[in-house]
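Chemist: If you count the sequence shown from 1, position 122 lands on 263 in the numbering used here, and the numbers rise without skipping.
Just so it is clear, CB atoms sit at the ideal spot from N, CA and C, and this is done for glycine as well.
Before we start, here is the structure in question, set down as structure tokens.
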Amino acid sequence: MPGVLSDIPRWEAPPTSTKDFDYAGLQTLDLSTVTGDEYEQVPADVVKTIGEALSQDGFIYVTNHGLRPDEVQRQFDLAQYAFDGVSEADKAKYAAKISETGDYTGYKPRGHWKLRGVPDQIEHLGLGDRAFRPGERENVFPPALLPFADEIAAFRRYNHIHIFRKILTVLSLVLKLPPTYLWNLANEESGLFRYALYHPPPQEDDVKTDGVRLQGHSDFRSVTLLYSQPIVSLQVLMPDNVWRYVRHVPNALVLNLGDATHFLSGGYLKPTIHRVVSPPDPDQAKYRRLGVFYFAAYNPDVRLVPLTQSPVVASTGKTFFNEGRDAPTAWQWEKSRVRAYGQDGEKKRLDNGHEEEAMIGGEKVVHYN
């Protein structure tokens with residue numbers, strides 16, 4: 142990692158909750174077990190354990206990712222600065238054109254999403270691949286954040302070519318494919334890096350949404366990496382149909398799979414349903430929740446059809462998008478989902494209270510309330 146500038150405030154992490162909640166029992170992937178010049182070697186027992194977890198829960202912890210706690214701390218410093226050190230005028234000037242282009246690159250303001258008519262209280266800054274192209278940075282990074290672009294780019298790149306690549310080796314072996322198979326579909330570094338800030342909403346808004354601050358959903362891309370933070374708020378819908386909290390693990394990543402991996406795996410690997418709710422610990426209620434994410438992606442032109450070269454995928458017998466005839470590319474699917482998410486538009490109401498909308502090729506997406 143290159144040298145860093147240090148003239149920004151340090152993020153002071155909220156106190157970790159000491160209370161006992163209904164936490165999800167998640168497996169842990171120790172990335173130090175993935176070795177070799179091309180990260181092609183993984184112990185068979187690791188492949189088995191993680192494969193079972195990702196086909197059932199779709200959520201795991203990732204440890205020993207190679208980043209020191211101070212390097213992760215620095216990203217939370219930068220995340221805080223991206224919101225507190227940038228003027229509202231510049232946030233508006235560098236706003237993402239979400240509805241127009243289906244691209245999260247830029248600032249998402251509070252209120253873009255709605256649930257039961259209630260506007261969200263989440264800001265985020267998305268840094269897609271174009272944010273790091275030569276000649277494009279000035280169009281994406283506001284002036285206050287531009288001096289840190291190299292540093293952010295290096296961190297994002299580490300997430301892609303080391304952490305994500307190792308994870309794809311494990312997933313390839315789970316599907317009984319050559320270890321570099323999925324990496325060859327994802328080597329263009331087209332993932333989205335994100336800083337997010339969840340502001341505590343007015344109490345009456347929490348009442349209207351039953352405490353749901355980000356509606357239950359699956360992610361759009363291949364793999365989501367979330368740097369663990371102390372506020373208890375993230376929930377995962379477990380196989381027994383019960384929402385459970387994700388426990389904070391210092392200097393760990395929380396990993397979940399997205400739609401693209403689900404489609405490529407013929408449905409074998411699970412796109413985890415998750416949401417964000419009001420903290421159950423009243424001692425954490427006053428704090429803003431800061432997030433550092435990497436939404437890793439397959440190359441934009443990868444078509445989302447099952448990889449039947451895999452005996453595991455072939456054995457599912459499952460097809461999508463009218464048996465593949467209308468299968469979108471990874472980028473087409475993402476754009477469609479980005480435009481539709483959180484817009485409180487017309488959706489089919491299901492018997493269990495969830496909502497369904499049709500997407501590309503007739504595939505349905507369910508939003509979980």
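Cβ of L286 within 8 Å of Cβ of V213?
Modeler: Counting from one through the sequence shown, the residue named residue 286 turns up at place 145. Counting from one through the sequence shown, the residue named residue 213 turns up at place 72. Going by C-beta atoms, L286 is not nearer than 8 Å to V213.
Chemist: For F224 and Q197, what's the separation of their Cα atoms in angstroms?
Modeler: Along the sequence shown, read from residue 1 onward, the residue named residue 224 stands at position 83. Along the sequence shown, read from residue 1 onward, the residue named residue 197 stands at position 56. F224 and Q197: Cα-Cα distance of roughly 36 Å.
Chemist: Whole angstroms are fine: how far does the CA of I149 sit from the CA of D360?
Modeler: As a first step, residue 360 is located in the sequence shown; it is residue number 219 there, counting from the start. As a first step, residue 149 is located in the sequence shown; it is residue number 8 there, counting from the start. Using only the alpha carbons, I get a separation of about 32 Å.
Chemist: Do R478 and S240 have their C-beta atoms closer together than 8 Å?
Modeler: By one-based count along the sequence shown, residue 478 stands at place 337. By one-based count along the sequence shown, residue 240 stands at place 99. No, these two residues do not count as a Cβ contact at 8 Å.
Chemist: Nearest to N300 by alpha carbon, out of P447, L410, G207, G357?
Modeler: The residue given as residue 300 occupies position 159 in the sequence shown. The residue with the shortest Cα to Cα distance from N300 is G207.
Chemist: Rounded to whole angstroms, what is the Cα-Cα separation between A468 and F404?
Modeler: Taking the first residue of the sequence shown as 1, we reach residue 468 at position 327. Taking the first residue of the sequence shown as 1, we reach residue 404 at position 263. A468 and F404: Cα-Cα distance of roughly 10 Å.
Chemist: So, at 6 Å on beta carbons, what are the nonlocal neighbours of F305 in its own chain, with the 5 sequence-adjacent residues on each side left out?
Modeler: Along the sequence shown, read from residue 1 onward, the residue named residue 305 stands at position 164. Once the five neighbours on either side are set aside, the close Cβ partners of F305 are A437.
Chemist: Drop a sphere of 10 angstroms on the beta-carbon of S173, count the other beta-carbons inside from all chains shown, and report buried for 16 or more, exposed for fewer.
Modeler: The residue given as residue 173 occupies position 32 in the sequence shown. Burial call: exposed.
Chemist: With C-beta atoms as the reference, is Y386 less than 8 Å away from D161?
Modeler: Working through the sequence shown from its first residue, we reach residue 386 at position 245. Working through the sequence shown from its first residue, we reach residue 161 at position 20. Cβ atoms of Y386 and D161: not closer than 8 Å.
Chemist: With a threshold of 7 Å on Cβ separation, who are the neighbours of Q425 within its own chain once the five nearest residues in sequence on each side are excluded?
Modeler: One-based indexing of the sequence shown puts residue 425 at position 284. Same-chain partners within the cutoff: P155, S158, I372, V373.
Chemist: Determine the direct distance from the alpha carbon of V311 to that of V443, and round the result to whole angstroms.
Modeler: Numbered from 1 along the sequence shown, position 302 holds the residue referred to as residue 443. Numbered from 1 along the sequence shown, position 170 holds the residue referred to as residue 311. Distance between the alpha carbons of V443 and V311 is about 20 Å.
Chemist: Can you give the Cα-Cα distance for V188 and I308, rounded to whole angstroms?
Modeler: On the sequence shown, position 47 is the one that residue 188 refers to. On the sequence shown, position 167 is the one that residue 308 refers to. Rounded to whole angstroms, V188 to I308 spans 10 Å at the Cα level.
Chemist: Three-state secondary structure (DSSP) at W152?
Modeler: In the sequence shown, residue 152 corresponds to position 11, counting from 1. DSSP places W152 in coil when its eight states are reduced to three.
Chemist: How is the alpha helix (DSSP H) around Y299 delimited, first residue to last?
Modeler: As a working mapping, residue 299 is identified with position 158 in the sequence shown. Run containing Y299: 290-299, per the alpha helix (DSSP H) assignment.
Chemist: Going residue by residue through the segment 191-276, where are the continuous beta strand (DSSP E) segments of at least 3 residues, counting only ones entirely within it?
Modeler: Entirely contained in the segment 191-276, the beta strand (DSSP E) runs reaching 3 residues are, in chain order, 200-204, 247-249, 263-268.
Chemist: So S369 and A401 are supposed to be a Cβ contact under 8 Å. How far apart are they, rounded?
Modeler: Here residue 369 refers to the residue found at position 228 of the sequence shown. Here residue 401 refers to the residue found at position 260 of the sequence shown. Incorrect: roughly 23 Å between the Cβ atoms, too far for contact.
Chemist: Which whole-angstrom value describes the C-beta separation of L136 and V454, a residue pair presumed to lie in contact below a C-beta threshold of 8 Å?
Modeler: In this structure the chain extends from 142 to 510, so residue 136 is not present and cannot be described.
Chemist: Given this structure, state the Cα-to-Cα distance separating V353 from D346, to the nearest angstrom.
Modeler: By one-based count along the sequence shown, residue 353 stands at place 212. By one-based count along the sequence shown, residue 346 stands at place 205. Cα-Cα distance, rounded: 9 Å.
Chemist: Looking at the unbroken alpha helix (DSSP H) that takes in A401, where does it start and where does it end?
Modeler: The sequence position of residue 401 within the sequence shown is 260, counting from 1. Unbroken alpha helix (DSSP H) run through A401: 400-405.
Chemist: What are the partner residues of Y339, as DSSP defines its beta bridges?
Modeler: Translated into positions along the sequence shown, residue 339 becomes position 198. In the DSSP output, where bridge partners are listed per residue, Y339 has I263, R430.
Chemist: Reducing DSSP to helix, strand and coil, say where H415 ends up.
Modeler: On the sequence shown, residue 415 is found 274 positions in, with the first residue counted as 1. Three-state DSSP puts H415 in a strand.
Chemist: Does H253 pass the burial test, meaning 16 or more other C-beta atoms within 10 Å, or should it be called exposed?
Modeler: Looking up residue 253 in the sequence shown gives position 112. Buried.
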